[in-house]
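Okay, so the sequence shown: first residue is 1 according to our numbering, each after it adds one. Structure, as structure tokens:
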Amino acid sequence: MDGTRDRASCRGFLTAGQTRRDALRAGALSLGGLSLPGLFRAREASAAPMPETAAPRTTTGRAKACILVFAWGGPSQLDTWDPKPEAPDEIRGEFSAIETRVPGVRIGEHFPMLADRLDRLAIVRSMTHDDPAHLSSVHHLQTGHLAPRPHSDADGPSPNDWPHLGALVARVRPVGGALPPSVIMPWTVSHPAAPGGKAPGQHGGWLGKSFDPFLLPGDPNLEGFRVEGLGLPEGLADDRVRSRRALLSRFERDAVDAPAWSDYRARAFDALLSAEARGAFRVDREPPETRDRYGRHIHGQCLLMARRLVEAGVPLVTVNWHDDGINFWDTHGDNFNGLKTRLMPPTDRGLSALIDDLAARGMMDETLVVWVGEFGRAPRITRAVAGREHWPRCYSAVLAGGGIRGGAVFGSSDRWAAHPEADPVGPADLAATILHALGISPETEIVDPVGRPLPINRGVPVTALFG
């Protein structure tokens, strides 16, 4: 989908569809025991068989986790992070540029809280690629690789997709414990007008379904929100489950597949009984004042949930802009009203609270935060509908924590924010920067299903951002 399509076709998005039952889903406990181990085994069997990867090459990156905040739809660079106050009206738009804590750096007026924290943030004003389609651009951004068919909204998820960044991190740097290595919330992004529907690049791809990030659907802001199936059914105590575990182990000692099956069963029991797994998803345990700081809305509470998850040990959490039933950041029409009333204020509050919270907990150095969309918006305003069309040639990303040097601006755009003027950064480079921050060399190789050794990323980390 590009800017020449009917603008109405970009209004609203489909829901993500049926929720997959993931490793932490524990509702399958029955009188005969856990059926969850069968899920562990089925998912592992579905993964493409591959030789073991070599030990991942490391970098000087010191981050333990990354929170990727994905502004689905494509936010306008001119109205957020890269205003052009000297441009003509038809380029500049309605918003003013405000001063920030960093002298000489101004951003859009509807990010006042973030302006006051810019000394902790780094802005990349030279993000660029050439694909104006939503779906294939999501694949590019969230995997660091071109989609199997670039420039296309026709293809949904496929086994031929490159794995999501969270899946790649899980492959080269596996972690133990009951928590998943990668989480996506509150949905996997989809587009109602695109033939492909759900965007590719949000799952395990050719690594197999066992590497799918754990989907955490729903609105954490709702009273009584719980992760479906996590924990024990009412009336079943931990001691009884442990007793059942011991009994089952006796029965399966002589089974042909007992060693493998026991491993899957053990992981299922660990998920059920782990206080860590249960507690990490309980955003309602946060003090009310903390929840208020993030904003009592789905985006703010998802960011708070993300902080809880990385604090508990999840290496990569993706927070997608939620299914708001309108048009997300895809502002072909009513761009300015949408930005100032429903898009920028929740982002300003939620992202500011996340930065403050990580700093207060001593987690900034070990947590990388990245805010970015799949592309930006056209410099020239479509006056008839007060909108901006798709524009992948120049847009912005923001990073913080994980060794990022705060108060920095990397790259620059031309006078209308239409093209990079210096230091262009592509989606592969941004993904390489995330990997670098996590201490993983983009040159680390894994073997694909047909036996080819492939680097997990072909971009170049923006090392100048670190300091």
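All residues carry an ideal CB built from backbone N, CA and C; glycine is no exception.
Coarse secondary structure for residue i, derived from DSSP in three states
| i | result |
| --- | --- |
| F214 | strand |
| F466 | strand |
| G166 | helix |
| V138 | helix |
| W371 | strand |
| V183 | strand |
| L36 | Note that L36 has pLDDT 41, beneath the 50 cutoff, so the model's placement of it is unreliable and the number below is only indicative. Helix. |
| V425 | strand |
| T522 | With the chain covering 1 to 467 only, the question about residue 522 has no answer from this structure. |
| G205 | helix |
Beta-carbon proximity of residue i to residue j, cut-off 8 Å
| i | j | result |
| --- | --- | --- |
| G373 | W416 | no |
| G350 | G295 | yes |
| P148 | D161 | yes |
| K368 | G313 | For clarity, residue 368 is Leu in the given sequence; the question names Lys instead. Contact flag unset, no. |
| P150 | D131 | yes |
| R496 | G61 | Outside the displayed span of the chain (1 to 467) sits residue 496, for which this structure offers no information. |
| A505 | F336 | Residue 505 is absent from the model: the chain starts at 1 and stops at 467. |
| A464 | V310 | no |
| V425 | T80 | no |
| R380 | I91 | yes |
| A400 | R120 | yes |
| H297 | N221 | yes |
| V227 | F281 | yes |
| T331 | S137 | no |
| P186 | P217 | yes |
| P472 | G108 | Given that the chain is displayed from residue 1 to residue 467, the structure contains no residue 472 and the question cannot be resolved. |
Cβ distance (whole Å) where residue i is taken to contact residue j below 8 Å
| i | j | result |
| --- | --- | --- |
| A170 | A437 | Their Cβ separation, rounded to whole angstroms, is 16 Å, which puts A170 and A437 out of contact at 8 Å. |
| W72 | V189 | 5 Å |
| V408 | L430 | Residue 408 is actually Ala in this sequence, not Val. Actually they are not in contact, since the Cβ atoms of A408 and L430 sit about 15 Å apart, beyond 8 Å. |
| L165 | G144 | 7 Å |
| L435 | P442 | 5 Å |
| P525 | G205 | Because the chain is modelled from 1 through 467, residue 525 falls outside the range shown and cannot be assessed. |
| T341 | V172 | That belief does not hold up - the Cβ atoms of T341 and V172 are roughly 42 Å apart, past 8 Å. |
| V460 | A432 | 6 Å |
| G411 | A353 | The pair is not a contact, with the Cβ atoms about 27 Å apart (cut-off 8 Å). |
| A167 | P213 | 6 Å |
| L68 | L316 | 7 Å |
| T115 | I98 | Here residue 115 is Ala; the residue named in the question, Thr, does not match the sequence. About 5 Å; that satisfies the 8 Å criterion. |
| A122 | D153 | Between D153 and A122 the Cβ distance is about 31 Å, and since that is not below 8 Å, they are no contact. |
| R291 | L358 | Not a contact, Cβ separation roughly 16 Å. |
One or two residues paired with residue i in a DSSP bridge
| i | result |
| --- | --- |
| R377 | H390 |
| P420 | S413 |
| P455 | E445 |
| A122 | L399 and A408 |
| S190 | K198 |
| I434 | I434 is not bridged to any residue. |
Contact test: residue i Cβ vs the ligand ZN heavy atom, cutoff 7 Å
| i | result |
| --- | --- |
| K64 | In the structure shown, the ligand ZN is absent, as is every other ligand, since no ligand is present at all. |
> Hey, which unbroken runs of the alpha helix (DSSP H) at 4 residues or more fall wholly within the region 284-367?
Replying inline: Within the region 284-367, the complete alpha helix (DSSP H) runs of at least 4 residues are 288-294, 298-312, 335-338 and 344-360.
>> Please give the ranges of any alpha helix (DSSP H) in the region 44-115, keeping only runs that are unbroken, at least 4 residues long and fully inside the region.
In response: Taking 4 residues as the shortest admissible run, the region 44-115 contains the following complete alpha helix (DSSP H) segments, listed from N- to C-terminal end: 89-92 and 112-115.
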